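*Asks:* Mind looking over this structure? Questions follow.
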Amino acid sequence: MLDPKLLRESPGTVRAAIAKKHLQVDLDAVIALDNAWRALLQETETLRSRQKAANGEMAKLPKGSPEFIAKVAEMKAVSAQVKEKEAALKDAEEKCRAAMLSLPNIPHESVPEGATPEQNVVFSTHGDIAALVSPHAKPHYEIDGFNKLFDFDRGAKVTGAGFPFYVGDGAKIVRALLQFFLDEDTKAGYTEVNPPIFVNEASATAVGQLPDKEGMMYETIPDRFYAIPTAETPLTNFFRDEIIDEAALPVCRCAYTPCFRREAGSYGKDVRGLNRLHQFDKVELLKWVHPSKSYEEHDKLRDDAERLLQKLGLPYRVLLMCGGDLGFSQAKKYDLEVWSGGQKRWLEVSSCSNFESFQARRAQIRFRGKDGKPELVHTLNGSGLAIPRVLSALLENNLQADGRVKIPAALAPYFGKEYLSFA
RNA sequence: GGAGAGGUGGCAGAGUGGUCGAAUGCGCGCGCUUGGAAAGCGCGUAUACCGCAAGGUAUCGGGGGUUCGAAUCCCCCCCUCUCCGCCA
-16 MLDPKLLRES PGTVRAAIAK KHLQVDLDAV IALDNAWRAL LQETETLRSR QKAANGEMAK
44 LPKGSPEFIA KVAEMKAVSA QVKEKEAALK DAEEKCRAAM LSLPNIPHES VPEGATPEQN
104 VVFSTHGDIA ALVSPHAKPH YEIDGFNKLF DFDRGAKVTG AGFPFYVGDG AKIVRALLQF
164 FLDEDTKAGY TEVNPPIFVN EASATAVGQL PDKEGMMYET IPDRFYAIPT AETPLTNFFR
224 DEIIDEAALP VCRCAYTPCF RREAGSYGKD VRGLNRLHQF DKVELLKWVH PSKSYEEHDK
284 LRDDAERLLQ KLGLPYRVLL MCGGDLGFSQ AKKYDLEVWS GGQKRWLEVS SCSNFESFQA
344 RRAQIRFRGK DGKPELVHTL NGSGLAIPRV LSALLENNLQ ADGRVKIPAA LAPYFGKEYL
404 SFA
């Protein structure tokens, strides 16, 4: 959520932000709702003020006295008015809040102009594809024996499409990657957290998954919990409605969780094999930082995620997202895409985003500044990393002539052997 | 799942219909005192919103209700604790 003051004092800034993100929002309507709410608030508070004053007088009057009885009659009318105004105020407040929530975050000045993904800027490219991709590479879902290690048929029977069983070396490689990522992230200064994988409505709302996006999440009956689409959800909510000690900033955390996404409407090559699943494993990086350090920390976060790909010897590139491809709540975002040597395309394995105070305002996450006043933190997050697509690239790029997969040196100690076998 | 007890400011803990944003203590900050410190004394010590300002309003787990008036009474929900049951 944006600062309402920004809308009042500098609507042009908000208008420009909407334009840069190529969104359609009736800003004048939002401003009108805000004005209506403020006017109504004034009226209501004036009435309440009268009520309070009368209350003080009545407390001093003898209960049954004529003055007292007269006062009750008088205040009855005021009370009715207050009830009426309060109902109107509540209605205005809800409309106003909903309208405010429809306003996107302001893109950072360094975000390139552009409307479509094609206009994202290639920020950097790493790793020599020719040298790092095996000549025997093929799409992972076409590798002989793939279904033995990644059993989609059994998964579909037991749960549904997109919920595979990982078996034998398939399970082991997932575990190795998770542990490798967590160890590396911990070394980089992130404290490991193991969060709940279901959240309540308040938490889903605080990070913007509700309202409107309930279709992307699995919901439990009868408790109305939501299966998390990413560890960002519980992690960001850790400090919801809290004031963090300024000296503790930046707070850096990492968490492994399974992630659950309904992905309604996906189809085609995007969903083949491990490319897009309803349940997948991911290690998430999250930072709560001082606003003055926000972009410095953002770059470090991206570096931390990049280092994982480098250590695995996977070629990748970094995209700087243009305004039109930025998410609603992000001020700036880098995507890390790994080269899938078999499918011959880039696969997104991490999005490193700076939300500035947009999330923090909605979730009320603050720190106490030098002057003693609470101030909103900036929140940043990024994957470090999402397992299945890293795994896709790994299986494809490292596929040997004999059908085995060479395990990168950095990962071998975790996997326990040098080759993964589909036999 | 059943029965009971509770949720008040940074913490502890009063307050059962009015002058209560809320006693008192602790903690914290500033000052006095002191050679210095402790003790003692004095003052201060939540958050948010509206307003140019003066100022006003809201908040006693959350929501709704009763009332001229609710921290206080009623209803629903959430959470914590104790006992019982069940269980990895």
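In this note's numbering, the protein residues as written are -16 to 406. Every residue, glycine too, gets a C-beta built ideally from N, C-alpha and C. In this text the structure is predicted, and so the values were computed from the model without any measurement.
Bridge partners for Gln262 per DSSP, in chain order?
*Replies:* Phe243
*Asks:* To test your reading of the DSSP string, which unbroken alpha helix (DSSP H) runs of 4 or more residues are found completely within the stretch 89 to 119?
*Replies:* 112 to 115
*Asks:* Which word fits Ser340, buried or exposed, when buried means at least 16 other C-beta atoms lie within 10 angstroms of its C-beta?
*Replies:* buried
*Asks:* Assuming Leu429 and Cys237 make a contact with CB atoms under 8 Å, what is their CB distance in whole Å?
*Replies:* Any question about residue 429 goes unanswered here, given that the chain covers just -16 to 406.
*Asks:* Within 10 Å of its beta-carbon, does Asn258 have 16 or more other beta-carbons around it, so buried, or fewer, so exposed?
*Replies:* buried
*Asks:* Could you tell me the alpha carbon to alpha carbon distance between Phe405 and Leu309, rounded to whole angstroms?
*Replies:* Spanning the two alpha carbons is a distance of roughly 39 Å.
*Asks:* Which residues in the same chain have their Cβ closer than 8 Å to the Cβ of Ala37, if we skip the five residues on either side of it in sequence?
*Replies:* Same-chain partners within the cutoff: Lys54, Glu57, Met58 and Val61.
*Asks:* Tell me whether Thr219 is buried or exposed, calling it buried when 16 or more other Cβ atoms sit within 10 Å of its Cβ.
*Replies:* So Thr219 counts as buried.
*Asks:* Rounded to whole angstroms, what is the Cα-Cα separation between Arg387 and Ala189?
*Replies:* 45 Å
*Asks:* Hey, would you say Phe208 sits closer than 8 Å to Asn177, going by beta carbons?
*Replies:* Taking 8 Å as the Cβ cut-off, Phe208 and Asn177 do not qualify as a contacting pair.
*Asks:* Check for me: the beta strand (DSSP E) holding Asn364 runs from which residue to which?
*Replies:* His361 to Ala369
*Asks:* Can you give the Cα-Cα distance for Glu379 and Asp127, rounded to whole angstroms?
*Replies:* 12 Å
*Asks:* For a test of the three-state rule: what should DSSP assign to Cys237, helix, strand or coil?
*Replies:* strand
*Asks:* Check for me: the beta strand (DSSP E) holding Leu44 runs from which residue to which?
*Replies:* Unbroken run through Leu44: none, as it is neither H nor E.
*Asks:* Take Pro(-13) and list the residues in its own chain whose beta-carbon comes closer than 8 Å to its own, dropping the five residues that flank it on each side.
*Replies:* Asp17 and Met83
*Asks:* Would you tell me roughly how many angstroms separate the C-alpha atoms of Pro357 and Tyr402, rounded to the nearest one?
*Replies:* Just so you know, the alpha carbons of Pro357 and Tyr402 end up roughly 53 Å apart.
*Asks:* Find the nearest neighbour of Pro298 within the set Glu202, Ala113, Tyr397 and Asp224, judged by alpha-carbon distance.
*Replies:* It is Ala113 whose Cα lies nearest to the Cα of Pro298.
*Asks:* The alpha helix (DSSP H) spanning Leu161 covers which residue range?
*Replies:* Asp152 to Lys170
*Asks:* With a threshold of 8 Å on Cβ separation, who are the neighbours of Glu229 within its own chain once the five nearest residues in sequence on each side are excluded?
*Replies:* His273, Phe350, Arg351, Gly352 and Lys353
*Asks:* Are the CB atoms of Ser117 and Gln347 within a distance shorter than 8 Å?
*Replies:* Not in contact: Gln347 and Ser117 (Cβ atoms no closer than 8 Å).
*Asks:* Tell me the DSSP secondary structure of Pro205 in three-state form.
*Replies:* coil
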